[in-house]
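Number of protein chains: 2
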Amino acid sequence: MSIEPARRVRRSPEAARENILLSAERLLLERGPQGLKLVEVAQGAGVSHATVLHHFGSIDGVQTALAEAMIRQLVARVLEAERPDDPEAQLEGVGQVLFDAFESAGGARLAAWLELTGETRRLTLVREAVAEVISGPMAQKGVDPERATNLILVAVSLAMGVGLIGRSLAELVGRPPETTREAALAFLKSGLAAAMNR
Amino acid sequence: MSIEPARRVRRSPEAARENILLSAERLLLERGPQGLKLVEVAQGAGVSHATVLHHFGSIDGVQTALAEAMIRQLVARVLEAERPDDPEAQLEGVGQVLFDAFESAGGARLAAWLELTGETRRLTLVREAVAEVISGPMAQKGVDPERATNLILVAVSLAMGVGLIGRSLAELVGRPPETTREAALAFLKSGLAAAMNR
DNA sequence: GGCTCTATTGACATTTTTGTAGGTAACTCT
DNA sequence: AGAGTTACCTACAAAAATGTCAATAGAGCC
Numbered sequence: 064m065s066i067e068p069a070r071r072v073r074r075s076p077e078a079a080r081e082n083i084l085l086s087a088e089r090l091l092l093e094r095g096p097q098g099l100k101l102v103e104v105a106q107g108a109g110v111s112h113a114t115v116l117h118h119f120g121s122i123d124g125v126q127t128a129l130a131e132a133m134i135r136q137l138v139a140r141v142l143e144a145e146r147p148d149d150p151e152a153q154l155e156g157v158g159q160v161l162f163d164a165f166e167s168a169g170g171a172r173l174a175a176w177l178e179l180t181g182e183t184r185r186l187t188l189v190r191e192a193v194a195e196v197i198s199g200p201m202a203q204k205g206v207d208p209e210r211a212t213n214l215i216l217v218a219v220s221l222a223m224g225v226g227l228i229g230r231s232l233a234e235l236v237g238r239p240p241e242t243t244r245e246a247a248l249a250f251l252k253s254g255l256a257a258a259m260n261r
Numbered sequence: 064m065s066i067e068p069a070r071r072v073r074r075s076p077e078a079a080r081e082n083i084l085l086s087a088e089r090l091l092l093e094r095g096p097q098g099l100k101l102v103e104v105a106q107g108a109g110v111s112h113a114t115v116l117h118h119f120g121s122i123d124g125v126q127t128a129l130a131e132a133m134i135r136q137l138v139a140r141v142l143e144a145e146r147p148d149d150p151e152a153q154l155e156g157v158g159q160v161l162f163d164a165f166e167s168a169g170g171a172r173l174a175a176w177l178e179l180t181g182e183t184r185r186l187t188l189v190r191e192a193v194a195e196v197i198s199g200p201m202a203q204k205g206v207d208p209e210r211a212t213n214l215i216l217v218a219v220s221l222a223m224g225v226g227l228i229g230r231s232l233a234e235l236v237g238r239p240p241e242t243t244r245e246a247a248l249a250f251l252k253s254g255l256a257a258a259m260n261r
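Chain order of the listed sequences is A and B.
All letters in the first sequence, in the order written, are residues 64 to 261 by our numbering.
All letters in the second sequence, in the order written, are residues 64 to 261 by our numbering.
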């Protein structure tokens, strides 16, 4: 019996990259930064590691591309909250969405990873998103930019912290995992309300 | 000229371990989890990498020990805030200290690292610290345990987020780096006040 | 069908990282 | 001073991870 050469799947460059990045993201999320190895990424994507190199040049290339892709996702997700025309409803939902974004799809873990890796330069997209919120719904509600900025800084930081350690923290003190998130959301909401009424 | 065998420093096992962990911590903080290599740790500690293995068995041993040591530090730092006998003063300073703990000495980065690595089991110490605060100053001020827990969850998460991305975030939107921290602290303080008065 | 283009791959080469073994030297105790 | 203990080192070995290269095989086009 002859050895069958494995049947190849040939993708478009874009599809190939996306496929690989998907595997990389999965790995990053469930194994941590340490688990981002060339061969594992390749395996998870169902291709040889040479293919990964072909598309990204090096393992750093993969990291960089992954970071960019994830950030794009994160920002897009947050900005979706701006859809409704009513600024009131927008702000109502903004906290919700913010928390979702950082909690699901590993947003917080992404940010933490970026920080730990020192790749904070890559965050231009985030700046733009923040600017958009400040000049958008915030301004419409008459919050002065200074205060609006502060609020956003706090809200994002909080979402980050909650997304990262919220669940474990709650479980650690014997509460259901969503407790942190709910408490934080309530806390944020009351703070927001206080800031708007003046 | 003869080759001088390098003069050896002989430490006690404890001192040796501490020396090595110090180097490891430095590396973790400035290079990220990826930078925690056996030889680099050894170099930074001024010993051969074989010595590191002698004391910790493996690179994982180093990681584990480091995590434990750092957590111990973090918790100790937070609990220091309980020194003053006056519960009012305690709560006044608790936010401050919490933020310090997570910001300086890489507390937030440690926590993030733990999360990303999935070593969250190791956090028993944290649970104890939280319990202590709840049954200590909080109870004395008459805050019911449920609400106290929620407050702590939020405060810790916030401190975490601020410690991790606070500075970059502020700079990202063109503010001085301490802005996030100050805003968060103010936000937290007003929230705390609200929670106490009822 | 035959041609071109290139995504894909296996096999090899290199570098990095981790781990092992045996001897040496610093310290303590008698 | 001599002996025992063990932290420490150098040198070597093994494994893991990254990267190179030439050949192969899908897919579109003539």
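All C-beta atoms in this analysis are idealised placements derived from N, C-alpha and C, irrespective of residue type, glycine included.
Residue-level contact check: G254(A) touches chain B, since one or more beta carbons of chain B fall below 8 angstroms from its beta carbon. Shown here, K100(A) sits in coil according to DSSP, grouped into three states, outside any helix or strand. Ranking V102(A), V115(A), A174(A), L214(A) by CA distance to the CA of T242(B) puts L214(A) first.
If you check each beta-carbon in the segment 223-235 of chain B against every beta-carbon of chain A, the ones closer than 8 angstroms belong to M223, G224, V225, L227, I228, G229, S231, L232, A233, L235. The continuous alpha helix (DSSP H) containing M223(B) extends over residues 208-224. The segment 99-116 of chain B and the segment 135-145 of chain B do not touch, with fewer than three beta-carbon pairs separated by less than 8 angstroms. Flagged as an interface residue toward chain B: R190(A), by a C-beta distance shorter than 8 angstroms. Secondary structure note for L129(B): its alpha helix (DSSP H) is the uninterrupted segment 122-142. Annotation: Cβ neighbours of E178(A) in chain B (cutoff 9 angstroms, chain order): G95, A171, R172, A175, L227, I228, S231. For R94(A), the enclosing alpha helix (DSSP H) stretches over residues 76-94.
At a cut-off of 8 angstroms between C-beta atoms, F250(B) counts as an interface residue with respect to chain A.
Note that the segment 165-180 of chain B touches the segment 216-225 of chain B; at least 3 beta-carbon pairs, one per stretch, sit closer than 8 angstroms. Along the segment 205-217 of chain A, going in chain order, the ones with a CB nearer than 8 angstroms to a CB of chain B are T212, N213, L214, I215, L216, V217. In chain order, P96 place their CB closer than 6 angstroms to the CB of W176(A), counting only its own chain and leaving out the 5 sequence neighbours on each side. In the structure shown, G199(A) adopts helical secondary structure according to DSSP, grouped into three states. For L227(A), the closest alpha carbon among the candidates E77(A), E81(A), L92(A), S75(A) is that of L92(A).
Classified as buried, T212(B) has 16 or more neighbouring CB atoms from the shown chains inside 10 Å of its CB. Note on geometry: alpha-carbon atoms of G124(B) and L161(B) lie some 29 angstroms from one another. By the CB criterion at 8 angstroms, V217(A) and A202(B) fall outside the cutoff. Taking 8 angstroms as the CB threshold, S198(A) stays off the interface with chain B. Residues of the segment 71-94 of chain B that bring their beta carbon within less than 7 angstroms of a beta carbon in chain A are absent altogether. In the three-state DSSP reduction, V72(A) falls in the coil class, being neither helix nor strand. R172(B) has its alpha-carbon roughly 22 angstroms from the corresponding atom of K100(A).
The Cβ atoms of F119(B) and A128(B) lie closer than 8 angstroms to each other.
With the criterion set as a beta carbon lying under 7 angstroms from some beta carbon of chain B, the segment 108-123 of chain A has no members that meet it. V236(A) is the residue among S198(A), V236(A), A192(A), R210(A) whose C-alpha sits nearest the C-alpha of E209(B). Exclusion of the five residues before and after G98(A) leaves L90, L91 as the residues of its chain whose Cβ lies within less than 8 angstroms of its Cβ. Residues L99, V104, V125, L129 of the same chain have their beta carbon placed closer than 7 angstroms to that of A87(A), with the five preceding and five following residues left out of the count.
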